[in-house]
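Once you know that position 55 of the sequence shown is 41 in this note's numbering, the rest is easy, because the numbers rise by one and skip nothing. Heads up: the structure comes next, in structure tokens.
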Amino acid sequence: LHPKVMDFSYFATSRLYFHHHIEYQGLQHFVALKCDFFEDLIKVFYSNLRVSKAGFLYSDVNKTKIKIKPSNWLTLAGLKYHGQKLPFPDIPEEMQFDRDIALTSMIRPELQGQNVINVGSLNINDRLLHYVYVHILAPRSSNFSQLLQEDIFVLWALKNNILINWSHYIMQHMVKCKDNGMSLPYPILNSRILVVSGIDLSIDVAVELG
């Protein structure tokens, strides 16, 4: 997947407020990450990817072993390994998530009461929050305009300041995409992992962001 980058400073000076939810989660550094990425090496990285129950990420690229500890995420991506580990699709009752109430709070006033399942029905702040989610936080290659159940749940969690363990969430999304033959996400993050792990990048062609 070709990466998207958010200019957090631009929105910080706007009258919008969706970016405050991103800031509360400590994601402002992650959503703005920029660097060249290496498509072939990333494919190798994913082919050998596994994540342990203890939160360690492992892979192997060109006979170099990769191990990312939970404590490494702060330096790697500006993320702390703490917060709620989202169990979707199994949502614990104690989270008190109600899909209909959550969705109603996001819909534009003139569309209230209608059966809406697309992003165009959302108010501007929730629409932008959804954009950041489907393009940067949990990237996917299609269905950007659809409101999936997981989209609604995560947006609800963000808006209610439920602190999410994004390091854990990102690793689970990596594994999900790999195991289901989906487009491979997070090329910028993956390239940073390759760099800190000492992988020889000269054997691949760098793709410039832009």
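For every residue, glycine included, the Cβ atom is placed at its ideal position computed from N, Cα and C.
What is the DSSP secondary structure of residue i, reduced to helix, strand or coil?
{"i": "asparagine 176", "result": "helix"}
{"i": "valine 182", "result": "helix"}
{"i": "glutamine 132", "result": "strand"}
{"i": "glutamine 70", "result": "strand"}
{"i": "leucine -13", "result": "coil"}
{"i": "phenylalanine 83", "result": "coil"}
{"i": "aspartate 165", "result": "helix"}
{"i": "alanine -2", "result": "helix"}
{"i": "proline 171", "result": "coil"}
Could you name the residues that DSSP lists as bridge partners for residue i?
{"i": "valine 193", "result": "Phe23"}
{"i": "leucine 108", "result": "Ile93"}
{"i": "isoleucine 150", "result": "Gln70"}
Return the CA-CA distance between residue i and residue j, expressed in angstroms with no decimal places.
{"i": "tyrosine 172", "j": "tyrosine 3", "result": "25 Å"}
{"i": "isoleucine 185", "j": "valine 120", "result": "29 Å"}
{"i": "leucine 169", "j": "lysine -10", "result": "The amino acid occupying residue 169 in the given sequence is serine; leucine does not appear at that position. Cα to Cα, serine 169 sits roughly 14 Å from lysine -10."}
{"i": "glutamine 11", "j": "asparagine 147", "result": "8 Å"}
{"i": "isoleucine 156", "j": "valine 17", "result": "12 Å"}
{"i": "histidine 68", "j": "valine 118", "result": "21 Å"}
{"i": "lysine 145", "j": "glutamate 9", "result": "11 Å"}
{"i": "aspartate 22", "j": "lysine 29", "result": "15 Å"}
{"i": "phenylalanine -6", "j": "lysine 66", "result": "19 Å"}
{"i": "tyrosine 44", "j": "valine 37", "result": "6 Å"}
{"i": "glycine 167", "j": "alanine 143", "result": "27 Å"}
{"i": "asparagine 151", "j": "glutamine 158", "result": "11 Å"}
{"i": "asparagine 176", "j": "phenylalanine 139", "result": "26 Å"}
{"i": "isoleucine 77", "j": "isoleucine 87", "result": "15 Å"}
Measuring alpha carbon to alpha carbon, tell me which of the options ends up nearest residue i.
{"i": "aspartate 190", "options": "Thr(-1), Gln14, Leu72 and Phe31", "result": "Phe31"}
{"i": "serine 131", "options": "Lys145, Leu108 and Leu62", "result": "Leu108"}
{"i": "serine 153", "options": "Pro56, Ser33 and Leu(-13)", "result": "Pro56"}
{"i": "leucine 141", "options": "Gly167, Gln158, Leu89 and Gly99", "result": "Leu89"}
{"i": "threonine 61", "options": "Met92, Leu27, His15 and Val102", "result": "His15"}
{"i": "lysine 51", "options": "Gly64, Ala40, Gly41 and Leu35", "result": "Leu35"}
{"i": "glycine 196", "options": "Tyr(-4), His5, Thr(-1) and Lys20", "result": "Lys20"}
{"i": "proline 95", "options": "Ile110, Leu27 and Phe83", "result": "Ile110"}
{"i": "leucine 134", "options": "Asn58, His(-12), Leu180 and Phe74", "result": "Phe74"}
**Asked** Which residue spans inside the region 4 to 54 form an unbroken beta strand (DSSP E) run of at least 3?
**Response** 43 to 47 and 50 to 54
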